[in-house]
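Asker: Before anything else, here's the structure in question.
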């Protein structure tokens, strides 16, 4: 009972089990809950990037119709320190008069209606003492942090290799700030009952919110219950306990009523973090026939004054290609900006754009096909350690993608593939995504009718966790998918990990795998205590499970149903706790490989206007075992759309004098709309991964990575102009 | 007293506060939370509902303007083939924009604007999907339009 049985359930394009709820408006997101006596909160944000509050006048707001309470740093509760949970969480709001970034919360107003709360919030008058803000990453006064995660790498002699290299690429690539912007407005509905607290909250990790809120408010963890059965997207935005959450909790305690705090779209830009901008310096050394001799990649990303962030942009260059010498260095710089934070493929998204652009430049320099140069420098083993990969089908991604795309039809000459007034360009990029997994647990329960359910305090942010875990457990327990219910989104369930880092499916799936195995063992043991059971005396190893029945291998008639075993023993249900902890490379003798992928893009550039249109995309990915092709394909499609946004549109613009985000609306911060997205061909290749028992590699993020480089490389093929800065705008193409 | 007619039911509504949008009235007063708020600025389409059969943005429509009009929300669709097509084509992920996408798509059929994929893409472009399910949305609308 250690292998996954009934593959007919896995891989199959099972429809999303929560689909019917979502197409009828019945799925309830955190802001869809309304409680009796509920009051509404509205926040006030700072309008300077650095300084202190000299005076805050709430007189008019307090007198405004319907207002129940106004909280500022002058009357806020003193809260406990916010613990770090894998990464730092913002310290509690309204604890002092200091302003660290434009948009920091300085007050919260609670009223009987949202309209009254919002109107009153506008009446609060704040006077500030301005301090000089540091907003430019190049400002010499800014604090710089070298090698923030101890992950800088170096092997071989890069300096000498670069000096001796017959061909060298030495370029700088930049990416702009992007904002996650999940469509669901992040909301906290806080409700105290004595000393216990219930939160309906938008996040990607209920146990993290539970832990941080409990610490801040000085209550035991189990006194806080966080409910997130549905969340309107995250893309990383829900991986920290943001300051609006304790604000709502504090407000609810002040007014003695449930309080709903729903962020507005502009508040989503300052209150939930954003993808850092990045500067990447890349130097490649190569032989005249295009073989890499040196890779040097340095990056600079940004941090808020008091936060941390994991954005190892340069790390992608340590594992992507075989090179005898490699140096990667990351640096961060602290600024008076809202928090930088994880956004779909942190670090990889930016670093891959730089590396895959540079590799393309090298291909042109040595006169090699951009696809060929990637295959020529293919990393058969982990270049850092020399260990084999747990799985790696990048070569197949590139080869299959090239065939599907028709790469061989490409005329290598720049600007040669014209269609009317449009210049046609083909671009390619490869992707080696990072591996990430955290411990996770799940309880698996079989009921007296033979159906099953699983419980784990995780979230399904749209990735399909409800569905694929039902499929996985159905396969392991020998049930139909419709007989298994995945229950999640409740911190009181068995401790779950974050829906982040493309790591949930491996973590939770391995826990479910473990739990199902233990549960079957319990059923076998139970049957063994019944002398009349056909399974009496049959060892666990010899038991198979199918159609809700346990039976002896090769003897399908010698067995009995799970339901019958429960009935015989007078049980209403039987459960087992499953857990998973990630394996280590040392223990496995291999390097865990994240997903791998290749992007092939046809761009069309309007010769007169510089307008770039993406005409078609082929994206081939190795995600290990694919539990549900329909849903995995959706993850890749979604990532691809995000990649097009990063490449061509998305740019969180900060006013350089005030630190104010100048385009914090959907009217001004452009994301792709339906008409921007062409036909996308998605395909999966590869084998089950060897690093976890279910063979999966997450596919939530990889779809985004590589799209920007492929587009930029295609633009070069079309126009001869190299785009080294994202987003690629019409003026840059025309320059 | 204003009367809102939503999905065929008449709701008398005290709108002493004229600032209440149709979206907030639906969500906060009538507990019809299937209609979503994504921006409250008319830019994302998540709050799309039908008003006298035309698609409108509920966040840019004052509740008081809807006196005597027929409002249809996602809760008012009765097993529309578009809903089933969205599930089968996996035309959503988190599901937050889905009500608005479906209301837009249903209206599109009546507008005769779903003839080609290019048309569907263009006329569905007022509905943002941050999860990026656009190709699947086009596939779902195309299928229903062909069989309509």
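Protein chains in written order, with the working numbering: chain A, -15 to 719; chain B, -7 to 140. Just so you know, even glycine gets a beta-carbon here, dropped at the ideal spot from N, CA and C.
Which of the three DSSP states is assigned to residue -1 of chain A in this structure?
Answerer: Indexing the first chain from 1 puts residue -1 of chain A at position 15. Three-state result, residue -1 of chain A: coil.
Asker: Does any residue of chain A have a CB that is nearer than 8 Å to the CB of residue -7 of chain B?
Answerer: Your numbering for residue -7 of chain B matches position 1 in the second chain. Not closer than 8 Å to any Cβ of chain A, the Cβ of residue -7 of chain B fails to qualify, so no.
Asker: Between the C-alpha atoms of residue 190 of chain A and residue 13 of chain A, what's the straight-line distance to the nearest angstrom?
Answerer: Translated into positions along the first chain, residue 190 of chain A becomes position 206. Translated into positions along the first chain, residue 13 of chain A becomes position 29. Distance between the alpha carbons of residue 190 of chain A and residue 13 of chain A: 14 Å.
Asker: Where do the ends of the beta strand (DSSP E) carrying residue 530 of chain A lie?
Answerer: Counted from its first residue, the first chain places residue 530 of chain A at position 546. From DSSP, the beta strand (DSSP E) with residue 530 of chain A extends over 527 to 530.
Asker: Compare the C-beta of residue 122 of chain B against all C-beta atoms of chain A and say whether one is closer than 8 Å.
Answerer: Here the question's residue 122 of chain B lines up with position 130 in the second chain. True, the Cβ-Cβ gap to chain A drops below 8 Å.
Asker: Using 8 Å as the limit for Cβ to Cβ distance, is residue -10 of chain A near chain B?
Answerer: On the first chain, position 6 is the one that residue -10 of chain A refers to. Unreliable placement is indicated for residue -10 of chain A, whose pLDDT of 49 sits below 50; no coordinate value is reported for it.
Asker: Do we get a CB-CB distance below 8 Å when we pair residue 3 of chain B with the residues of chain A?
Answerer: To locate residue 3 of chain B, count along the second chain from 1; it is residue 11. So, not an interface residue.
Asker: For residue 436 of chain A, which residues of its own chain have a beta-carbon under 7 Å away from its beta-carbon, when the five flanking residues on both sides are left out?
Answerer: The sequence position of residue 436 of chain A within the first chain is 452, counting from 1. Only 428, 429, 430, 457, 461, 463, 467, 468 meet the Cβ criterion.
Asker: Say whether chain A places a C-beta atom closer than 8 Å to the C-beta of residue 87 of chain B.
Answerer: By one-based count along the second chain, residue 87 of chain B stands at place 95. With 8 Å as the cut-off, residue 87 of chain B counts as an interface residue toward chain A.
Asker: Quick one: residues in its chain with C-beta nearer than 8 Å to the C-beta of residue 767 of chain A, no 5 flanking neighbours on either side, listed in chain order?
Answerer: Residue 767 of chain A lies beyond the residue range present for chain A, which begins at -15 and ends at 719; the question has no answer from this structure.
Asker: From A:50, A:112, A:159, A:142, pick the residue whose C-alpha is nearest to that of residue 105 of chain A; which is it?
Answerer: Counted from its first residue, the first chain places residue 105 of chain A at position 121. Minimum Cα distance to residue 105 of chain A is reached at A:50.
Asker: With which residues is residue 343 of chain A paired in a DSSP beta bridge?
Answerer: Counting from 1 along the first chain, the entry for residue 343 of chain A is found at position 359. Beta-bridge pairing links residue 343 of chain A to no other residue.
Asker: Which chain B residues sit within Cβ distance under 7 Å of residue 618 of chain A?
Answerer: Along the first chain, one-based indexing puts residue 618 of chain A at 634. Those within 7 Å of residue 618 of chain A in chain B are 82, 85, 125, 128.
Asker: Please list the partners that residue 215 of chain A has in chain B, where partner means a Cβ-to-Cβ separation under 9 Å.
Answerer: As a working mapping, residue 215 of chain A is identified with position 231 in the first chain. Those are 86, 88, listed as they occur along chain B.
Asker: Starting from residue 469 of chain A, trace the beta strand (DSSP E) in both directions and tell me its first and last residue.
Answerer: For this step, residue 469 of chain A is matched to residue 485 along the first chain. Counting along the chain, the beta strand (DSSP E) containing residue 469 of chain A begins and ends at 468 to 472.
Asker: Decide yes or no for the touch test of the region 71 to 79 of chain B against the region 616 to 626 of chain A: beta carbon pairs closer than 8 Å, at least 3 of them.
Answerer: At 8 Å Cβ cutoff, the stretches do not touch.
Asker: Compare the C-beta of residue 4 of chain A with all C-beta atoms of chain B and state if any pair is closer than 8 Å.
Answerer: For the purposes of this step, residue 4 of chain A is taken as the residue at position 20 of the first chain. Answer yes: the Cβ-Cβ gap between residue 4 of chain A and chain B drops below 8 Å somewhere.
Asker: Which residues share a DSSP beta bridge with residue 412 of chain A?
Answerer: Here residue 412 of chain A refers to the residue found at position 428 of the first chain. Looking at the DSSP assignment, residue 412 of chain A forms a beta bridge with A:584.
Asker: Mapping DSSP to helix, strand and coil, what is residue -14 of chain A?
Answerer: Taking the first chain and counting its residues from 1, one reaches residue -14 of chain A at position 2. Confidence is the limiting factor: at residue -14 of chain A the pLDDT is only 41, short of 50, which leaves the residue's position unreliable, though a coordinate-based value still follows. Residue -14 of chain A: coil per DSSP, three-state reduction.
Asker: Interface residues of chain A around residue 26 of chain B at Cβ under 9 Å?
Answerer: To locate residue 26 of chain B, count along the second chain from 1; it is residue 34. Result: 8, 9, 10, 11, 16.
Asker: Within 10 Å of its beta-carbon, does residue 390 of chain A have 16 or more other beta-carbons around it, so buried, or fewer, so exposed?
Answerer: By 1-based counting over the first chain, the position of residue 390 of chain A is 406. Flag for residue 390 of chain A reads exposed.
Asker: For residue 244 of chain A, which of helix, strand or coil comes out of DSSP?
Answerer: Along the first chain, read from residue 1 onward, the residue named residue 244 of chain A stands at position 260. Reduced to three states, the DSSP call for residue 244 of chain A is strand.
Asker: May I have a chain-ordered list of the alpha helix (DSSP H) segments no shorter than 4 residues that lie completely inside the region 613 to 679 of chain A?
Answerer: With a minimum length of 4 residues, the continuous alpha helix (DSSP H) runs that stay inside the region 613 to 679 of chain A are 613 to 632.
Asker: Rounded to the nearest angstrom, what separates residue 120 of chain B and residue 132 of chain B at their Cα positions?
Answerer: Position 128 of the second chain, counted from the start, is the residue given in the question as residue 120 of chain B. Position 140 of the second chain, counted from the start, is the residue given in the question as residue 132 of chain B. The straight-line gap from Cα to Cα measures roughly 16 Å.
Asker: For a cutoff of 8 Å on Cβ pairs, would you count residue -13 of chain A as touching chain B?
Answerer: Within the first chain, numbered from 1, the residue matching residue -13 of chain A stands at position 3. Residue placement at residue -13 of chain A is flagged as unreliable, the pLDDT there being 44, under the threshold of 50; a coordinate-derived value is accordingly withheld.
Asker: Closer than 9 Å between beta carbons: that is the criterion. Which residues of the region 16 to 45 of chain B meet it against chain A?
Answerer: Those residues of the region 16 to 45 of chain B that come within reach of chain A (Cβ to Cβ, closer than 9 Å) are 16, 19, 20, 23, 24, 25, 26, 27, 28, 29, 30, 31, 32, 33, 34, 35, 36, 38.
Asker: Would you report the Cα separation of residue 0 of chain A and residue 89 of chain B, rounded to the nearest angstrom?
Answerer: In the first chain, counting from the first residue as 1, residue 0 of chain A sits at position 16. In the second chain, counting from the first residue as 1, residue 89 of chain B sits at position 97. For residue 0 of chain A and residue 89 of chain B, the distance between alpha carbons rounds to 16 Å.
Asker: Are the C-beta atoms of residue 11 of chain B and some chain A residue less than 8 Å apart?
Answerer: Residue mapping note: residue 11 of chain B aligns to position 19 of the second chain, counting from 1. Taking Cβ atoms only, chain A reaches closer than 8 Å to residue 11 of chain B, which makes this a yes.
Asker: Check the Cβ-Cβ distances between residue 97 of chain A and every residue of chain B, and say whether any is below 8 Å.
Answerer: For this step, residue 97 of chain A is matched to residue 113 along the first chain. Yes, its Cβ sits closer than 8 Å to a Cβ of chain B.
Asker: May I ask you to list, following chain order, the residues of the region 54 to 66 of chain B that have a beta carbon less than 9 Å from some beta carbon of chain A?
Answerer: From the region 54 to 66 of chain B, only 65, 66 have a Cβ closer than 9 Å to chain A.
Asker: Thinking C-beta only, is residue 420 of chain A closer than 8 Å to residue 2 of chain A?
Answerer: Here residue 2 of chain A refers to the residue found at position 18 of the first chain. Here residue 420 of chain A refers to the residue found at position 436 of the first chain. It is not a contact, given that the beta carbons lie outside the stated cut-off.
Asker: Chain B partners of residue 360 of chain A, CB-CB under 9 Å?
Answerer: One-based indexing of the first chain puts residue 360 of chain A at position 376. Here the premise fails: no neighbours, minimum Cβ distance about 33 Å.
Asker: Let me know the secondary structure DSSP gives residue 566 of chain A once reduced to three states.
Answerer: Position 582 of the first chain holds residue 566 of chain A. Of the three classes helix, strand and coil, the one that applies to residue 566 of chain A here is coil, per DSSP.
Asker: Do residue 56 of chain B and residue 22 of chain B have their beta-carbon atoms positioned less than 8 Å apart in this structure?
Answerer: Residue mapping note: residue 22 of chain B aligns to position 30 of the second chain, counting from 1. Residue mapping note: residue 56 of chain B aligns to position 64 of the second chain, counting from 1. Going by C-beta atoms, residue 22 of chain B is not nearer than 8 Å to residue 56 of chain B.
Asker: For residue 227 of chain A, which of helix, strand or coil comes out of DSSP?
Answerer: Here the question's residue 227 of chain A lines up with position 243 in the first chain. Here residue 227 of chain A sits in coil by DSSP.
Asker: Check the DSSP bridge columns for residue 455 of chain A and list the partner residues they point to.
Answerer: Position 471 of the first chain, counting from 1, holds the residue named residue 455 of chain A. None; residue 455 of chain A has no bridge partner.
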